[in-house]
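Protein chains: 2
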Amino acid sequence: MTRTDVLVMVTTRERIVEAADDLFYRQGFEHTSFASIAQAVEISRGNFYHHFKSKDQILDAVIDRRLDNTRAMLEAWEQQAASPRERIRCFVRILITNRAKIELHGCPVGTLTTELAKLEHTAQDKAARVFTLFRRWLTHQFEALGHEAFADALAMHVLGRSQGVAVLASAYRDPTFIDREVDDIERWLKNLRKPRPS
Amino acid sequence: MTRTDVLVMVTTRERIVEAADDLFYRQGFEHTSFASIAQAVEISRGNFYHHFKSKDQILDAVIDRRLDNTRAMLEAWEQQAASPRERIRCFVRILITNRAKIELHGCPVGTLTTELAKLEHTAQDKAARVFTLFRRWLTHQFEALGHEAFADALAMHVLGRSQGVAVLASAYRDPTFIDREVDDIERWLKNLRKPRPS
DNA sequence: GTCTATAATGCGATAGAC
DNA sequence: GTCTATCGCATTATAGAC
């Protein structure tokens, strides 16, 4: 296999994980059956079981995929945005970028961790690690803004507010609410003063 | 039946709805089977079907129960608290009062509407009406504070922040986070200045 | 109102042919 | 790697006796 081939090739396994990721987001983990994933990828159930022996295994692969995608997104923001403040704005504005999906299905991270908590699923902690990627990244940005002492608390604050917006946006399907709250968070961020050195 | 009897009597139907309410909260709607509800109430599945013909029917009854309980709670706050500000504080402090359950299972209202959205269940709008009870009540309080023009936006803001706290509290099981955010919301509420008349 | 027995369906998972 | 066929199980839901 040449190097070019690798770029084009998409394995059946990858197609399964991608379809499962999408279906878990739109329908929920438990509500999504093996049959529906197999149908989406247009393979048989038997073939499916060749790649994944259990539902927990594919959940594990989906979370790994989300961890990878999140890391890539955070790195891209690190490149694109010039200042820590601009980088935090990138995060907040996902609510605008993904508005349509969020109104229909909420936040992929929040809804999955919530569901796994109710199922008392062992993968709950792993799913929460996607949150932790955002949390640590935001913490770094707030540290760069000079808020070393409260950086993690500020990161959790921004993370929490985004989650709240996602929950209510999907409950009411109200786009104006997202705009208002994003504006409010951005105003809050702008008014965050660098603490004077002690 | 005398008046005293009514106070003591609890019908099987009520016991079923109460158990279902609790199980839907802790395990999720779809994950909760008729058998588990019947087991909690200690009746047979057959008896269960005598009271509720379908799973949708019991969900409907559970939401009605939550609507009633919410209305009663809001009325109680209306009596207990002296000022609109104090009343809004009552709402925010549910996060403290119900901390243990929220860390384990999130907010009952938010998690149910989120789940029903993924199932594309017709009861989703009805479940969101519990949110609307809080929303309208908070709107009234902000109006009483003199914020007639932005009362609904302020209500949605408080509602959204509470939801965000609930999601992250259950994802991380971190009680200090709840305390910090509740303090922050109370500080925000305290600093909300009554707009000067135009 | 409460029970047992049972139908009908869909699910996760396995075996084995090609 | 892909398929068909099938098992075992849990679930919703019904029928009918007491």
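Protein sequences appear in the order of chains A and B. Numbering-wise (my numbering), the first sequence opens with residue 1 and increments by one. Numbering-wise (my numbering), the second sequence opens with residue 1 and increments by one. A virtual CB, placed ideally from N, CA and C, is assigned to each residue, including glycine.
(message) Using CA atoms only, rank isn't needed, just tell me which of B:Ala149, B:His51, B:Met73 and B:Ala123 is closest to B:Leu59.
(response) For the purposes of this step, residue 59 of chain B is taken as the residue at position 59 of the second sequence. Of B:Ala149, B:His51, B:Met73 and B:Ala123, the residue nearest in Cα terms is B:Ala123.
(request) Use the C-beta contact count for A:Glu115: other C-beta atoms within 10 angstroms, 16 or more gives buried, fewer gives exposed. (result) Here residue 115 of chain A refers to the residue found at position 115 of the first sequence. The residue in question, A:Glu115, is buried, as its Cβ has 16 or more Cβ neighbours within 10 Å.
(request) Specify, as a first and last residue, the run of the alpha helix (DSSP H) that A:Lys101 falls within. (result) One-based indexing of the first sequence puts residue 101 of chain A at position 101. Per DSSP, A:Lys101 belongs to the alpha helix (DSSP H) from Arg99 to His105.
(message) So B:Arg180 contacts chain A; which residues on that side make the cut at Cβ distance below 7 Å?
(response) The residue you call residue 180 of chain B lines up with position 180 of the second sequence. Chain A residues near B:Arg180: Ala153.
(request) Would you grab the beta carbon distance between B:Val92 and B:Val109 for me? Rounded to a whole angstrom, and I think it's under 8 Å. (result) Reading the second sequence from its first residue, position 92 is the one you call residue 92 of chain B. Reading the second sequence from its first residue, position 109 is the one you call residue 109 of chain B. B:Val92 to B:Val109, Cβ: 15 Å. No contact.
(request) Pull up the distance between the alpha-carbon of B:Thr12 and that of B:Ala149, whole angstroms please. (result) Residue mapping note: residue 12 of chain B aligns to position 12 of the second sequence, counting from 1. Residue mapping note: residue 149 of chain B aligns to position 149 of the second sequence, counting from 1. One Cα belongs to B:Thr12, the other to B:Ala149, and the distance between them is close to 47 Å.
(request) Kindly list, in the order they appear in chain A, the residues whose Cβ is closer than 8 Å to that of B:Arg26. (result) Numbered from 1 along the second sequence, position 26 holds the residue referred to as residue 26 of chain B. Simply Lys118.
(message) Does B:Gly106 pass the burial test, meaning 16 or more other C-beta atoms within 10 Å, or should it be called exposed?
(response) Here residue 106 of chain B is taken as the residue at index 106 of the second sequence, counted from 1. That one is buried.
(request) Could you tell me whether the segment 140 to 157 of chain B touches the segment 180 to 195 of chain B, using the rule of 3 or more Cβ pairs below 8 Å? (result) Yes, the segment 140 to 157 of chain B is in contact with the segment 180 to 195 of chain B.
(request) Might you give, ordered along the chain, the residues of its own chain that have their beta carbon closer than 7 Å to the beta carbon of A:Arg71, omitting 5 neighbours on each side? (result) For this step, residue 71 of chain A is matched to residue 71 along the first sequence. Only residues of its own chain outside the window of five on either side were considered, and among them Leu133 have a CB closer than 7 Å to the CB of A:Arg71, listed in chain order.
(message) Cβ closer than 8 Å: which chain B residues qualify as neighbours of A:Gln163?
(response) Translated into the one-based positions of the first sequence, residue 163 of chain A becomes position 163. Listed along chain B are Gln163, Gly164, Val167 and Leu168, each with a C-beta nearer than 8 Å to that of A:Gln163.
(message) With H, G and I counted as helix, E and B as strand and the rest as coil, what does DSSP make of B:Met9?
(response) Locating residue 9 of chain B in the second sequence gives position 9, where the first residue counts as 1. Looking at B:Met9 - three-state DSSP - the assignment turns out to be coil, as it is neither helix nor strand.
(request) Report buried or exposed for B:Met9, applying the criterion of at least 16 other Cβ atoms within 10 angstroms of its Cβ. (result) Along the second sequence, read from residue 1 onward, the residue named residue 9 of chain B stands at position 9. Here B:Met9 is exposed. Its C-beta has fewer than 16 other C-beta atoms within 10 Å.
(request) For the alpha helix (DSSP H) holding B:His157, just list the boundary residues, first then last. (result) Locating residue 157 of chain B in the second sequence gives position 157, counting from the first residue. Unbroken alpha helix (DSSP H) run through B:His157: Ala151 to Tyr172.
(request) Identify the continuous alpha helix (DSSP H) that holds A:Phe34 and give its terminal residues. (result) Along the first sequence, read from residue 1 onward, the residue named residue 34 of chain A stands at position 34. Per DSSP, A:Phe34 belongs to the alpha helix (DSSP H) from Phe34 to Val41.
(request) Check whether the Cβ atoms of A:Val165 and A:Leu67 sit closer than 7 Å, and answer yes or no. (result) Within the first sequence, residue 165 of chain A is the residue found at index 165, counting from 1. Within the first sequence, residue 67 of chain A is the residue found at index 67, counting from 1. Their beta carbons are not under 7 Å apart, which means A:Val165 does not touch A:Leu67 by this criterion.
(request) For A:Ala81, name the three-state secondary structure that DSSP assigns. (result) For the purposes of this step, residue 81 of chain A is identified with residue 81 of the first sequence, where counting begins at 1. Note: A:Ala81 maps to coil in three-state DSSP.
(message) Residues of chain B with CB closer than 7 Å to the CB of A:Gln189, please, in chain order.
(response) Locating residue 189 of chain A in the first sequence gives position 189, where the first residue counts as 1. A quick correction: the sequence has Leu, not Gln, at residue 189 of chain A. What A:Leu189 touches in chain B: nothing, since even the nearest Cβ is about 15 Å away.
(request) Answer with yes or no whether the minimum CB distance from A:Glu30 to chain B is below 7 Å. (result) For this step, residue 30 of chain A is matched to residue 30 along the first sequence. Answer yes: the Cβ-Cβ gap between A:Glu30 and chain B drops below 7 Å somewhere.
(message) Quick check on B:Tyr49: buried or exposed, where buried means 16 or more other Cβ atoms within 10 Å of its Cβ?
(response) Position 49 of the second sequence holds residue 49 of chain B. Residue burial annotation: B:Tyr49 is exposed, with fewer than 16 other C-beta atoms found within 10 angstroms of its C-beta.
(request) Keeping to the same chain, check which residues put their C-beta closer than 6 Å to that of B:Thr139; ignore five residues upstream and five downstream. (result) Your numbering for residue 139 of chain B matches position 139 in the second sequence. Closer than 6 Å at the Cβ level, and outside the excluded window around B:Thr139, lie Ala151, Asp152 and Ala155.
(message) Comparing C-alpha positions only, which one of A:Glu120, A:Asp21, A:Ser83 and A:Asn47 sits nearest to B:Arg26?
(response) The residue labelled residue 26 of chain B in the question sits at position 26 within the second sequence. A check of alpha carbon separations from B:Arg26 across A:Glu120, A:Asp21, A:Ser83 and A:Asn47 identifies A:Glu120 as the nearest.
(message) Between the alpha carbons of B:Ile63 and A:Glu181, how many angstroms are there, rounded?
(response) Taking the first residue of the second sequence as position 1, residue 63 of chain B is located at position 63. Taking the first residue of the first sequence as position 1, residue 181 of chain A is located at position 181. So the two alpha carbons sit approximately 28 Å from each other.
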